[in-house]
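S.K.: If you count by our numbering, then the sequence shown holds residues 725 to 989, one letter each, in order.
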Amino acid sequence: MFAVTSIQSMFLHQYYHIVFRLGMNIKSVLTSVVYNKVLFLSNKARKNRTVGEIVNLMSVDIQRIQELIDSINHFWSAPLQVILAVYFLFQLLGVAVVGGLVVLITMIPLNYLISIKMKNYQVQQMKHKDERLKITSEVLNGMKVLKLYAWEESMKKIILEIRQKEIKILRKLAYLNAAIVLSWSCVPFLASVIMLGTYVVINPEKNILTPQVTFVSLSIFNIMKFPLAILTRVTNQVVQSHVSNKRLKSFLVEDEIENPPSFDN
725 MFAVTSIQSM
735 FLHQYYHIVF
745 RLGMNIKSVL
755 TSVVYNKVLF
765 LSNKARKNRT
775 VGEIVNLMSV
785 DIQRIQELID
795 SINHFWSAPL
805 QVILAVYFLF
815 QLLGVAVVGG
825 LVVLITMIPL
835 NYLISIKMKN
845 YQVQQMKHKD
855 ERLKITSEVL
865 NGMKVLKLYA
875 WEESMKKIIL
885 EIRQKEIKIL
895 RKLAYLNAAI
905 VLSWSCVPFL
915 ASVIMLGTYV
925 VINPEKNILT
935 PQVTFVSLSI
945 FNIMKFPLAI
955 LTRVTNQVVQ
965 SHVSNKRLKS
975 FLVEDEIENP
985 PSFDN
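Here it is, written out as C-alpha cells:
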C-alpha cells in the first residue's frame with residue numbers, strides 16, 4: 725500500500741510539472757503574439773480597440789487559457805473514474821445502481837444550462853471590465869486636465885458605476901458557480917441513499933445491508949466525490965476559456981498595416 729501511494733505521488737507530481745510548464749509556454753507564446761499584433765494594428769483597428777481591452781487580453785484571457793491547460797487531462801480522467809466507480813457499484817449492488825445513475829444523468833442538463841448562463845455573464849463582465857480600464861487609463865493619462873477642471877469626483881462616479889455593474893455580474897456568476905458545486909457535492913449522497921434504498925427494496929430478504937456492502941459502497945461513493953468536484957471546476961474553466969478564446973480570436977484577426985516597418989529599413 726505504501727509503495728502504491730509513493731508511486732502514485734511521484735507520477736502525479738511529474739504530471740503537474742509537465743502540464744504547468746506547458747501552460748506557461750502557451751501563456752508566453754500568446755502574450756508575445758498579442759504584443760506583436762498591437763505593434764502592427766492598422767489605424768482603423770486601433771480605433772475599435774481600447775487600451776483596457778488589450779490589457780485584459782494579456783492579464784485575464786490568456787491566464788484563463790493557461791488555467792484550462794493545467795486541467796486538460798481531467799476531461800477524460802474524471803469521467804473514467806466515475807465510470808469505473810459505477811462499474812464496481814454494479815458488481816456490488818446489481819441493478820440498484822440504475823437509481824443512482826438517474827440522479828447523475830438528471831444533473832447533466834441542469835449543469836449545462838447553468839454553464840450557458842455563466843458564459844453569457846462572462847461576456848458581459850469582460851465588456852464592463854474593458855470599459856472600466858479604458859476610462860481609468862484615460863483618467864491617468866489626462867490627470868492634468870482632470871485637476872484643472874476639477875473633474876475628479878465626476879470621473880470617480882463614472883468608474884464606480886461601471887464597477888458596480890461588474891460586481892453585480894460577478895455576484896451572479898458566484899451564485900451560479902455555487903449552485904454547480906452544491907449540486908455535484910450533494911449528488912454522491914443522494915445517489916448513495918437511492919442506490920442502497922433500491923437495493924433493499926428489490927429483495928428485502930436477500931439484499932441485506934451488511935457492513936461489507938454498506939461500507940464498501942460508501943467508500944466508492946467517497947471516491948466519486950473528487951472526480952465530480954474536478955468536473956465542476958473544469959466546467960467553469962471551459963466556460964471562461966471559451967469566452968477568452970473568442971476575444972483573442974477577434975483581436976488577432978484585426979487588420980494590420982500593409983507595409984510594417986522593419987529594423988532592416
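From the three backbone atoms N, C-alpha and C, an ideal C-beta is built for every residue, glycine too.
1. If you measure between the beta carbons of Pro951 and Ala769, is that distance less than 7 Å?
2. I need the boundaries of the alpha helix (DSSP H) containing Glu855, first residue and last residue.
3. Per the contact definition of three or more C-beta pairs closer than 8 Å, is the stretch 830 to 842 in contact with the stretch 779 to 793?
4. Taking the C-alpha atoms as reference points, what is the distance between Phe799 and Val958?
5. Quick test of your reading: Ser965 and Ile789, contact by CB under 8 Å. State the CB separation rounded to the nearest angstrom.
6. If we count the other Cβ atoms within 10 Å of its Cβ and call it buried at 16 or more, is Asp979 buried or exposed?
7. Take Met879 and list the residues in its own chain whose beta-carbon comes closer than 8 Å to its own, dropping the five residues that flank it on each side.
8. What's the gap between the Cα of Thr698 and the Cα of Ala902?
9. Using the Cα positions of Ser974 and Met867, report the straight-line distance between them to the nearest angstrom.
10. Looking at the strands, I want to know which residues DSSP matches up with Leu955.
11. Count the other CB atoms, across all protein chains shown, that sit within 10 Å of the CB of Tyr923; report buried if there are 16 or more and exposed otherwise.
12. Please classify Val728 as buried or exposed, where buried requires at least 16 neighbouring CB atoms within 10 angstroms.
13. Between Ser766, Tyr836 and Val762, which lies nearest to Glu777 when the distance is taken from Cα to Cα?
14. Hey, out of Ile838, Val911, Leu746 and Leu900, whose CA is closest to Leu825's CA?
15. Which same chain residues, not among the five before or five after Val905, have their C-beta less than 8 Å away from its C-beta?
16. Tell me whether Tyr845 is buried or exposed, calling it buried when 16 or more other Cβ atoms sit within 10 Å of its Cβ.
17. Return the CA-CA distance between Leu884 and Val775, expressed in angstroms with no decimal places.
18. Just to confirm, is the Cβ distance from Glu890 to Gln849 under 7 Å?
19. Applying the criterion that 16 or more other CB atoms from any shown protein chain within 10 Å of the CB defines a buried residue, is Arg856 buried or exposed?
20. Rounded to whole angstroms, what's the CA-CA distance from Val940 to Ile882? Just pull it up for me.
21. Would you mind giving the Cβ-Cβ distance between Leu972 and Asp785, rounded to the nearest angstrom? I have them listed as a contact below 8 Å.
22. What residue does the alpha helix (DSSP H) around Leu765 start on, and which one ends it?
23. Hey, how far is the Cα of Phe764 from the Cα of Val758?
24. Comparing alpha-carbon positions, which option in Leu808, Ser756, Lys771 and Ile918 lies nearest Met948?
25. Under 8 Å by Cβ, that's how I've got Ser933 and Ser916 pegged, so tell me the actual separation to the nearest angstrom.
M.R.: Answer, in terms of the structure:
1. Reading the sequence shown from its first residue, position 227 is the one you call residue 951. Reading the sequence shown from its first residue, position 45 is the one you call residue 769. With a cutoff of 7 Å on beta-carbon distance, Pro951 and Ala769 are scored as not near each other.
2. The count along the sequence shown starts at 1 and reaches residue 855 at position 131. Start and end: Val821 to Asn865.
3. no
4. Within the sequence shown, the letter at position 75 stands for residue 799. Within the sequence shown, the letter at position 234 stands for residue 958. Approximately 8 Å, taken between the alpha carbons.
5. One-based indexing of the sequence shown puts residue 965 at position 241. One-based indexing of the sequence shown puts residue 789 at position 65. Sure, about 5 Å apart at Cβ, within 8 Å.
6. Locating residue 979 in the sequence shown gives position 255, counting from the first residue. Counting Cβ neighbours within 10 Å, Asp979 comes out exposed, since fewer than 16 surround it.
7. On the sequence shown, residue 879 is found 155 positions in, with the first residue counted as 1. Cβ within range, chain order: Ile859, Val863 and Leu870.
8. It is not possible to answer for residue 698, since the shown part of the chain is limited to 725 through 989.
9. Your numbering for residue 974 matches position 250 in the sequence shown. Your numbering for residue 867 matches position 143 in the sequence shown. Roughly 32 Å between the two C-alpha positions.
10. Residue 955 sits at position 231 when you count from the first residue of the sequence shown. Paired residues: none, contrary to the question.
11. For the purposes of this step, residue 923 is identified with residue 199 of the sequence shown, where counting begins at 1. Classification for Tyr923: buried.
12. As a first step, residue 728 must be located in the sequence shown, where it is residue number 4. With fewer than 16 other Cβ atoms within 10 Å, it is exposed.
13. Translated into positions along the sequence shown, residue 777 becomes position 53. Looking at the Cα atoms, Val762 is the closest of the given residues.
14. Residue 825 sits at position 101 when you count from the first residue of the sequence shown. Cα-wise, what sits closest to Leu825 is Val911.
15. Within the sequence shown, numbered from 1, the residue matching residue 905 stands at position 181. Ala953 and Thr956, listed in sequence order.
16. Locating residue 845 in the sequence shown gives position 121, where the first residue counts as 1. Tyr845 comes out buried.
17. Reading the sequence shown from its first residue, position 160 is the one you call residue 884. Reading the sequence shown from its first residue, position 51 is the one you call residue 775. When rounded, the distance between both Cα atoms is 19 Å.
18. If you number the sequence shown from 1, residue 890 lands on position 166. If you number the sequence shown from 1, residue 849 lands on position 125. Cβ atoms of Glu890 and Gln849: closer than 7 Å.
19. Residue 856 sits at position 132 when you count from the first residue of the sequence shown. Looking at its Cβ environment, which holds 16 or more other Cβ atoms inside 10 Å, Arg856 is buried.
20. For the purposes of this step, residue 940 is taken as the residue at position 216 of the sequence shown. For the purposes of this step, residue 882 is taken as the residue at position 158 of the sequence shown. Roughly 59 Å separates the two Cα atoms.
21. Indexing the sequence shown from 1 puts residue 972 at position 248. Indexing the sequence shown from 1 puts residue 785 at position 61. Confirmed, about 6 Å.
22. As a position in the sequence shown, residue 765 is number 41, starting the count at 1. Following the DSSP letters along the chain, one finds Leu765 in no alpha helix (DSSP H), marked with neither H nor E.
23. Here residue 764 refers to the residue found at position 40 when the sequence shown is read from its first residue. Here residue 758 refers to the residue found at position 34 when the sequence shown is read from its first residue. Spanning the two alpha carbons is a distance of roughly 10 Å.
24. Within the sequence shown, the letter at position 224 stands for residue 948. The candidate whose alpha carbon is nearest that of Met948 is Leu808.
25. One-based indexing of the sequence shown puts residue 933 at position 209. One-based indexing of the sequence shown puts residue 916 at position 192. It should be pointed out that residue 933 corresponds to Leu in this sequence rather than to Ser. Not really, about 12 Å apart at Cβ, beyond 8 Å.
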